[in-house]
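Each protein sequence line maps, in turn, to chains A and B. The first sequence begins at 0 in numbering that gives the first Met the number 0 and counts up one residue at a time. The second sequence begins at 0 in numbering that gives the first Met the number 0 and counts up one residue at a time.
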Amino acid sequence: MANARALDKRRKSVRNIRKITRTMELIATARFKKAMDRATAATSYTKRITEVVASLAKSGTEVQHPLLEERTATDNAALIVLTSNRGLCGGYNGNIVRETMKHFDRLSETYDNTKLIVSGKRGITNLEFRGYSADESYTQFEDEPLFEEVKEIADSLLDEFIAGRLDRLDIAYTQFISSSKQVAVVETLLPLGSVGGADEESDDSGVDADFEFFPSAESILEEVVPMSFRINLFKCFLDAAVSEQIARMVAMKSATENADDMIRNLSMTYNRARQSQITGEIMEIIGGVEALKS
Amino acid sequence: MSLNCIVVTPAETAVETEASSITLPLFDGNKGVMSDHAPMIGRLGNGELSLLGTEGPSRFYIEGGFVQVLDNTVSILTNRVIEVSDLDAESLQQELKDALAMPGNNDEDLDLRERAVETARSQLRVATKS
Chain A
0 MANARALDKR RKSVRNIRKI TRTMELIATA RFKKAMDRAT AATSYTKRIT EVVASLAKSG
60 TEVQHPLLEE RTATDNAALI VLTSNRGLCG GYNGNIVRET MKHFDRLSET YDNTKLIVSG
120 KRGITNLEFR GYSADESYTQ FEDEPLFEEV KEIADSLLDE FIAGRLDRLD IAYTQFISSS
180 KQVAVVETLL PLGSVGGADE ESDDSGVDAD FEFFPSAESI LEEVVPMSFR INLFKCFLDA
240 AVSEQIARMV AMKSATENAD DMIRNLSMTY NRARQSQITG EIMEIIGGVE ALKS
Chain B
0 MSLNCIVVTP AETAVETEAS SITLPLFDGN KGVMSDHAPM IGRLGNGELS LLGTEGPSRF
60 YIEGGFVQVL DNTVSILTNR VIEVSDLDAE SLQQELKDAL AMPGNNDEDL DLRERAVETA
120 RSQLRVATKS
């Protein structure tokens, strides 16, 4: 039987770890709620921009823009990867890294030059360890990505795309589907397949009025298309932030439960060890008394 | 008093209020909107958005985007919203100076400089108007 004192020490350290994981779980829960609110706020913007595009399409404007055209050239591609700066969030980063490697290899086959843009310390080190070094990296995005910061990145990528130095832009991130389901996915951001769901003709939510356009439908389109790219990218960052908090919450919850189990088992073993130690001591005393009697 | 005005940025819904009249900074000049305005979509520039609401007038600086007017609802989608009282003319003067001092050696730098100057100038214009 193990030493009772050593068992007690071990139980104490497990208790301390449990305290930490429990706190991290609570923090992640609070952050998740905040991130979720931000994601919902962004949705109201996307919804409205979709409305604008839908009314543009209905007015008979031909939706044409350099960002929407499919490129035949296969010179340059770029892949953005969104990971977290901190660990202890279960399979969150691992899943993205796995998707990234698969997709990066596929891109490299068709495109002569593939650039890897990684956000998040975990992704940078993890990918480098596997032999994929990032051409550009960002570490400033925490659980509250700012639109201004995302816009800067988006604008520089837009300039490259329009200038023809970039033919395709993909993004690997964790998509937030519901609070119980998040999936690591790879999506194509440029060229834009459609502007904010312009193909969805089904939502006739009262947008059948004859709009007047100032200064002209073309001019508005010129602005809407890049804007919808920026908002798409921003949405990815927000999704990733929400998913990270959920992943951490779940990981820390199971860590806490695991610690509970361990404490229970250790307590049981400790009590048994203590009991047998006492029994042993009593036996010794009785043995001593018996020896004196005779 | 029947216009519903909603100002949203990508990060948040900044303003949601009732107003009797709204003045918008369109791409090429200001435009006023009152109740029962015809459906309209406009491209916004940088400038001042003023609302005449129930609690008196309020003024904001907005930066680009779009406006949609439909059924007495004015939805304004913009990149940035700042309340005019939060703009500080002195620091904006400095910003403008800094923007003018930016390098302009190639097309990209020139473009950046122009954008910064334009932003600082339009903010300053709104800030000093009152």
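Ideal Cβ positions, reconstructed from N, Cα and C, are used throughout, including at glycine. If you're wondering where the values come from, they're calculated on a predicted model, not measured in any experiment.
Worksheet entry | Spatial distance of L55 of chain A from A246 of chain A (CA atoms) | Numbered from 1 along the first sequence, position 56 holds the residue referred to as residue 55 of chain A. Numbered from 1 along the first sequence, position 247 holds the residue referred to as residue 246 of chain A. Per the coordinates, the alpha-carbon of L55 of chain A lies some 40 Å from the alpha-carbon of A246 of chain A.
Fill in: M39 of chain B in three-state terms, based on DSSP
Here residue 39 of chain B is taken as the residue at index 40 of the second sequence, counted from 1. Of the three classes helix, strand and coil, the one that applies to M39 of chain B here is strand, per DSSP.
Worksheet entry | Burial state of M267 of chain A (16 or more Cβ within 10 Å) | Position 268 of the first sequence, counting from 1, holds the residue named residue 267 of chain A. M267 of chain A comes out exposed.
Practice prompt. Examine chain A for any beta-carbon lying closer than 7 Å to the beta-carbon of A10 of chain B, and answer yes or no.
Written response: Here residue 10 of chain B refers to the residue found at position 11 of the second sequence. Interface residue, yes.
Practice prompt. Might you give, ordered along the chain, the residues of its own chain that have their beta carbon closer than 7 Å to the beta carbon of S298 of chain A, omitting 5 neighbours on each side?
Written response: Nothing can be reported for residue 298 of chain A, as the shown portion of chain A is limited to 0 through 293.
Worksheet item: Can you round the beta-carbon distance between A272 of chain A and L6 of chain A to whole angstroms, since I take them to be within the 8 Å contact cut?
Response: What you label residue 272 of chain A is simply residue 273 of the first sequence in a count that begins at 1. What you label residue 6 of chain A is simply residue 7 of the first sequence in a count that begins at 1. In this structure A272 of chain A touches L6 of chain A by the C-beta definition: roughly 6 Å separates them, less than 8 Å.
Discussion item. Quick check: the stretch 12-22 of chain B against the stretch 83-96 of chain B, are at least 3 beta-carbon pairs closer than 8 Å?
Written reply: Touching, no.
Worksheet item: Do L115 of chain A and L78 of chain A have their CB atoms nearer than 7 Å?
Response: Walking along the first sequence from the start, residue 115 of chain A turns up at place 116. Walking along the first sequence from the start, residue 78 of chain A turns up at place 79. Taking 7 Å as the cut-off, the Cβ atoms of L115 of chain A and L78 of chain A count as close.
Worksheet item: Is there at least one Cβ from chain B nearer than 7 Å to I230 of chain A's Cβ?
Response: The residue given as residue 230 of chain A occupies position 231 in the first sequence. Answer yes: the Cβ-Cβ gap between I230 of chain A and chain B drops below 7 Å somewhere.
Discussion item. Using a Cβ-Cβ cutoff of less than 7 Å, which residues in the same chain neighbour N294 of chain A once the five nearest sequence positions on both sides are dropped?
Written reply: Absent from the model: residue 294 of chain A. The displayed extent of chain A is 0 to 293, so no value can be given.
Discussion item. Tell me the DSSP secondary structure of L87 of chain A in three-state form.
Written reply: One-based indexing of the first sequence puts residue 87 of chain A at position 88. Residue state for L87 of chain A is assigned as coil, using DSSP reduced to three classes.
Worksheet item: If the cut is a Cβ gap below 7 Å, which residues of chain A does I40 of chain B touch?
Response: Here residue 40 of chain B corresponds to residue number 41 of the second sequence, with the count starting at 1. Here the neighbours are V51, S54, F210, F212, I219.
Worksheet item: Rounded C-beta distance between R17 of chain A and I176 of chain A? I'm assuming under 8 Å.
Response: By one-based count along the first sequence, residue 17 of chain A stands at place 18. By one-based count along the first sequence, residue 176 of chain A stands at place 177. With a Cβ gap of about 31 Å, R17 of chain A and I176 of chain A do not count as contacting.
Worksheet entry | Rounded C-alpha distance that separates P214 of chain A from A126 of chain B | As a working mapping, residue 214 of chain A is identified with position 215 in the first sequence. As a working mapping, residue 126 of chain B is identified with position 127 in the second sequence. Using only the alpha carbons, I get a separation of about 26 Å.
Fill in: Opening and closing residue of the beta strand (DSSP E) in which N3 of chain B lies
For the purposes of this step, residue 3 of chain B is taken as residue 4 along the second sequence, with counting starting at 1. 2-7 is the extent of the beta strand (DSSP E) around N3 of chain B.
Practice prompt. Give the range of the alpha helix (DSSP H) segment to which E283 of chain A is assigned.
Written response: Within the first sequence, the letter at position 284 stands for residue 283 of chain A. Its alpha helix (DSSP H) spans residues 216-292.
Fill in: Cut-off 6 Å between Cβ atoms - residues of its own chain near S201 of chain A, not counting five sequence neighbours on either side
Your numbering for residue 201 of chain A matches position 202 in the first sequence. With a pLDDT of only 42 at S201 of chain A, under the threshold of 50, the placement of this residue in the model should not be trusted, and no figure is reported.
Practice prompt. Alpha carbon to alpha carbon, how far is E50 of chain A from D134 of chain A? Give it in angstroms, no decimals.
Written response: Mapped onto the first sequence, residue 134 of chain A falls at position 135. Mapped onto the first sequence, residue 50 of chain A falls at position 51. C-alpha separation (whole angstroms): 37 Å.
Practice prompt. Using a cut-off of 8 Å between C-beta atoms, extract the partners of I152 of chain A located in chain B.
Written response: Here residue 152 of chain A is taken as the residue at index 153 of the first sequence, counted from 1. Correct list: empty, because the minimum Cβ distance to chain B is about 14 Å.
Fill in: Rounded C-alpha distance that separates E147 of chain A from D260 of chain A
In the first sequence, residue 147 of chain A corresponds to position 148, counting from 1. In the first sequence, residue 260 of chain A corresponds to position 261, counting from 1. If I take the Cα positions, the gap works out to 46 Å.
Worksheet item: Do the stretch 28-46 of chain A and the stretch 7-17 of chain B meet, that is, are 3 or more Cβ pairs less than 8 Å apart?
Response: The stretch 28-46 of chain A vs the stretch 7-17 of chain B: in contact.
Fill in: Beta-carbon proximity of F236 of chain A to P144 of chain A, cut-off 7 Å
By 1-based counting over the first sequence, the position of residue 236 of chain A is 237. By 1-based counting over the first sequence, the position of residue 144 of chain A is 145. The beta carbons of F236 of chain A and P144 of chain A sit closer together than 7 Å.
Discussion item. So, with DSSP's three-state summary, where would you put R70 of chain A?
Written reply: Here residue 70 of chain A corresponds to residue number 71 of the first sequence, with the count starting at 1. Three-state DSSP puts R70 of chain A in coil, outside helix and strand.
Item to complete: Leaving aside the five residues before and after L126 of chain A along the sequence, list all residues of the same chain whose C-beta is less than 8 Å from its C-beta, in chain order.
Response: On the first sequence, residue 126 of chain A is found 127 positions in, with the first residue counted as 1. Answer for L126 of chain A: V80, V96, T99, M100, L115, V117, S132, A133, listed in chain order.
Worksheet entry | Whole-angstrom distance between A76 of chain A and G192 of chain A, CA atom to CA atom | What you label residue 192 of chain A is simply residue 193 of the first sequence in a count that begins at 1. What you label residue 76 of chain A is simply residue 77 of the first sequence in a count that begins at 1. Using only the alpha carbons, I get a separation of about 16 Å.
Discussion item. If contacts are defined as beta-carbon pairs under 8 Å, then V185 of chain A and D169 of chain A qualify, I think. What distance do you get, rounded to the angstrom?
Written reply: Along the first sequence, one-based indexing puts residue 185 of chain A at 186. Along the first sequence, one-based indexing puts residue 169 of chain A at 170. Going by Cβ atoms, the distance from V185 of chain A to D169 of chain A rounds to 6 Å, so yes, they are a contact pair.
Worksheet item: Interface residues of chain A around S74 of chain B at Cβ under 9 Å?
Response: In the second sequence, the residue the question calls residue 74 of chain B occupies position 75. Those within 9 Å of S74 of chain B in chain A are R47, E50, V51.
Worksheet entry | CB-CB length for F31 of chain A against V223 of chain A, believed under 8 Å | The sequence position of residue 31 of chain A within the first sequence is 32, counting from 1. The sequence position of residue 223 of chain A within the first sequence is 224, counting from 1. Not confirmed; about 32 Å, so no contact.
Item to complete: Let me know the secondary structure DSSP gives D36 of chain A once reduced to three states.
Response: By 1-based counting over the first sequence, the position of residue 36 of chain A is 37. Note: D36 of chain A maps to helix in three-state DSSP.
Worksheet item: In chain order, what residues of the same chain lie with their CB nearer than 8 Å to the CB of K33 of chain A, ignoring the 5 residues before and after it?
Response: The sequence position of residue 33 of chain A within the first sequence is 34, counting from 1. Excluding positions up to five away in sequence, the list reads D142, E143.
Discussion item. Any beta carbon of chain B sitting closer than 7 Å to that of S43 of chain A?
Written reply: Along the first sequence, read from residue 1 onward, the residue named residue 43 of chain A stands at position 44. Output row for S43 of chain A: interface = yes.
Worksheet entry | Identity of the residue in B:R42, B:P102, B:V68, B:G52 nearest I61 of chain B by Cα | In the second sequence, the residue the question calls residue 61 of chain B occupies position 62. When only C-alpha atoms are compared, the closest one is B:R42.
Fill in: Cα-Cα separation between S49 of chain B and R58 of chain B, rounded to whole angstroms
Walking along the second sequence from the start, residue 49 of chain B turns up at place 50. Walking along the second sequence from the start, residue 58 of chain B turns up at place 59. Roughly 4 Å separates the two Cα atoms.
Item to complete: Determine the closest residue to L165 of chain A out of A:T113, A:R4, A:E289, with distance taken between C-alpha atoms.
Response: Residue 165 of chain A sits at position 166 when you count from the first residue of the first sequence. Selected option, being the one with the closest Cα: A:T113.
Worksheet item: From which residue to which residue does the beta strand (DSSP E) around N294 of chain A run?
Response: Limits of chain A in this structure are 0 at one end and 293 at the other, which puts residue 294 of chain A out of reach.
Discussion item. At the level of alpha carbons, what is the spacing between K292 of chain A and Q274 of chain A?
Written reply: Along the first sequence, read from residue 1 onward, the residue named residue 292 of chain A stands at position 293. Along the first sequence, read from residue 1 onward, the residue named residue 274 of chain A stands at position 275. C-alpha separation (whole angstroms): 27 Å.
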